[in-house]
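Structure first, then comments.
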Amino acid sequence: MDTALLIDDVRLTPILIADPPLLNTQGVHQPYTPRLVVEVVTRGGVTGIGETYGDGGYLELAEPLARALRGRPVSDVNGLFALADEVCGDSRAADDRVDAGGLRGVQTADKLRLSVVSGFEVACLDALGKALGLPVHALLGGKVRDRVEYSAYLFYRWAAHPSGGEQDDWGAALDPAGVVAQARRFARDHGFTSFKLKGGVFPPDQEIAAVRALAEAFPGQPLRLDPNGAWSVETSLRVAEQLGDVLEYLEDPASGTAAMAEVSAGTDLPLATNMCVTTLAELPEAFARDAVQIVLSDHHYWGGLHRTRELAGICRAFGVGLSMHSNTHMGISLAAMTHVAATVPNLDHACDSHYPWQTEDVLTTRHTFQDGHLAVSDAPGLGVELDRDRLAALHRRWLEDDGTMRARDDAAAMREADPRWVTPAVPRW
Ligand code: GKR
Ligand code: MG
71 MDTALLIDDV RLTPILIADP PLLNTQGVHQ PYTPRLVVEV VTRGGVTGIG
121 ETYGDGGYLE LAEPLARALR GRPVSDVNGL FALADEVCGD SRAADDRVDA
171 GGLRGVQTAD KLRLSVVSGF EVACLDALGK ALGLPVHALL GGKVRDRVEY
221 SAYLFYRWAA HPSGGEQDDW GAALDPAGVV AQARRFARDH GFTSFKLKGG
271 VFPPDQEIAA VRALAEAFPG QPLRLDPNGA WSVETSLRVA EQLGDVLEYL
321 EDPASGTAAM AEVSAGTDLP LATNMCVTTL AELPEAFARD AVQIVLSDHH
371 YWGGLHRTRE LAGICRAFGV GLSMHSNTHM GISLAAMTHV AATVPNLDHA
421 CDSHYPWQTE DVLTTRHTFQ DGHLAVSDAP GLGVELDRDR LAALHRRWLE
471 DDGTMRARDD AAAMREADPR WVTPAVPRW
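With positions in the sequence shown counted from 1, the corresponding number in the working numbering is that position plus 70.
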């Protein structure tokens, strides 16, 4: 082994990035959200970067993993999983709470650990690619496309957070006209041609009306609606019936594999998920019951880019479609998503991305969408560069926070506007 490829140092930098007041079924995004930037430095002096969730539970697991990585080969990304099992132990956040921000079903120690590993895996691949002069997609077997398509991620939203936060010029979107105006701006600024509306916010009839308005404004273009499991089987079937002619797919209408299987049995509309299938262990039952027809992969959930490719192979074998889920993220993760998406032949739909909502980044150059696509970089590693001043400034914000923003809590943010708000039980409608 070339000693230049041994890991010399690992730096972890928790940061807070601005997030607009986007609504979902659990509440509203806080003014700032935590992310963790992982830097892996080789003995040869090459630095690779990765990004993952930054809430306390993740940070707690990342610290022992960072220490244990020193002296190991940066190319040993498969070894990260066993190492994480060995050194991370169980975190205090690894109880059976329903995930507050990620909205991926029940939170488990395994899920947390995989999300932490993903940030390290991406940083190792970035460093390895830079050291070898190869893009990350080449380390994954090579790209099968030169650009990756993304969809517009529409949210009901307020014009501003009730207290604090950065101001933007989007205004409120709380009805069909507001949703269509938002979609038009996304189409104009980024060229997106498919649209996903985050639902589960208003009673289903209002969200049906918003999707109908989108279908009228963008005839024949792919539309999706995602209430994050907020509906009963009956409601899900009613929405499927009413929107079946305009939706590309319905995303997580009901909570849990059993309910999704019931919905699936009652409609021809394809169902997608980033909630009931988020680990290998959840796949067999969901596929056997035909509960979902499209898995929305997220490399943070699945433990990185190699695991995402494994998932793609399984989906291909079972004739299940594949696309990508997104949660609040910056440009490091968007670069990682684009590299892995470029290598997956069966990427059947435009990927989700929150990125256009994230005006703060730690890269020297922001990604720009052209006609709704991102070009796949052929530069070594991820093909992005860390802006250290920005990183330091966003870390300072994290240090100065009194703790309220360091863990995403959409229900707490909603209580700023409605003190009686509690996370709604499902099914909500
Ligand atoms: O950002 O409010 C949000 C989303 O609801 C996010 O947390 C979900 O993980 O985007 C996600 C989804 O597709 O379910
Ligand atoms: Mg979803």
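Note that the Cβ used here is the ideal one computed from N, Cα and C, for glycine as well.
If we require 3 or more residues per run, which beta strand (DSSP E) segments fall completely within the region 273-356?
293-296, 317-321 and 341-343
Between D72, A136 and N94, which lies nearest to R113 when the distance is taken from Cα to Cα?
D72
Which of the three DSSP states, helix, strand or coil, is assigned to E430?
coil
Endpoints, alpha helix (DSSP H) assigned at S185:
Taken as a continuous stretch (DSSP letters only), the alpha helix (DSSP H) holding S185 covers A179 to L202.
I'd like to check one pair, A132 with L93: are the Cβ atoms closer than 8 Å?
no
For the beta strand (DSSP E) holding R105, just list the boundary residues, first then last.
Y102 to T112
Can you tell me whether A163 is helix, strand or coil according to DSSP?
Here the model assigns A163 a pLDDT of 49, short of 50, so the residue's position is not dependable, and the following value carries that caveat. A163 falls in the coil class under three-state DSSP.
With burial defined as no fewer than 16 other Cβ atoms inside 10 Å of the residue's Cβ, what is the status of G120: buried or exposed?
buried
Does N397 pass the burial test, meaning 16 or more other C-beta atoms within 10 Å, or should it be called exposed?
buried
Quick one: is the Cβ of E130 within less than 7 Å of any heavy atom of the ligand MG?
Checking every heavy atom of the ligand MG against the Cβ of E130, none is found closer than 7 Å.
DSSP on Y226, reduced to helix/strand/coil?
coil
Ordered along the chain, which non-local residues of its own chain (more than five positions away) have a Cβ less than 6 Å from that of H419?
Setting aside the 5 residues that flank it on each side, H419 is surrounded in the same chain by S393, each with a C-beta closer than 6 Å to its C-beta; the list follows chain order.
Between H377 and L86, which are expected to be in contact by the criterion C-beta below 8 Å, what is the C-beta distance as a whole number of angstroms?
A small fix is needed here, since residue 377 is Arg in this sequence, not His. R377 to L86, Cβ: 28 Å. No contact.
Would you mind reading off the limits of the beta strand (DSSP E) that contains T435?
Element bounds for T435: n/a, residue is neither H nor E.
Which listed residue (I364, H465 and Y371) has its alpha carbon closest to that of L350
Y371
Exposure of P415, with buried meaning 16 or more beta-carbon neighbours within 10 Å:
Exposed is the call here.
Reduced DSSP secondary structure (H/G/I, E/B, other) of T378:
Here T378 carries a helix assignment [DSSP, helix/strand/coil].
What do you reckon, are the CB atoms on Q363 and L341 nearer than 8 Å?
yes
The ligand MG heavy atoms versus the CB of L267: any closer than 7 Å?
no
Hey, S334 and Q291 are a contact pair by Cβ (cut 8 Å); roughly how many whole angstroms apart?
That belief does not hold up - the Cβ atoms of S334 and Q291 are roughly 24 Å apart, past 8 Å.
Measuring CB to CB, does R460 end up less than 8 Å from V432?
yes
Is it buried or exposed, T305, if we count other Cβ atoms within 10 angstroms and call 16 or more buried?
buried
In this structure, does DSSP put P84 in helix, strand or coil?
strand
Evaluate the contact criterion for the region 96-105 versus the region 175-188: three or more CB pairs, one atom per stretch, below 8 Å.
no
Counted within 10 angstroms of its Cβ, other Cβ atoms place R137 as buried (16 or more) or exposed
exposed
Taking C-alpha atoms, which residue in A445, A328 and H369 lies nearest to K213?
A445
Can you tell me whether DSSP reads L210 as helix, strand or coil?
coil
E236 in three-state terms, based on DSSP:
Reduced to three states, the DSSP call for E236 is coil.
Mind checking E109: buried by the 16 CB within 10 Å criterion, or exposed?
buried
Rounded Cβ spacing between V192 and L307 (contact assumed at less than 8 Å):
Not a contact, Cβ separation roughly 39 Å.
How would you label V492, buried or exposed, when you count the other beta carbons within 10 angstroms and need 16 or more for buried?
exposed
Any heavy atom of the ligand MG nearer than 7 Å to the CB - residues listed
L173, D296, N298, E321, D322, N344, M345, L366 and H395
Relative to the alpha-carbon of G141, which residue among D238, P90 and C194 has its alpha-carbon at the smallest distance?
Distances from the alpha-carbon of G141 to those of D238, P90 and C194 put C194 closest.
Whole angstroms is fine: what's the gap from A356's alpha carbon to A463's?
Using only the alpha carbons, I get a separation of about 44 Å.
Using only the alpha-carbon positions, how far apart do A481 and Q96 sit?
6 Å
How about the region 384-393 and the region 198-210: do they share at least three Cβ pairs that are nearer than 8 Å?
no
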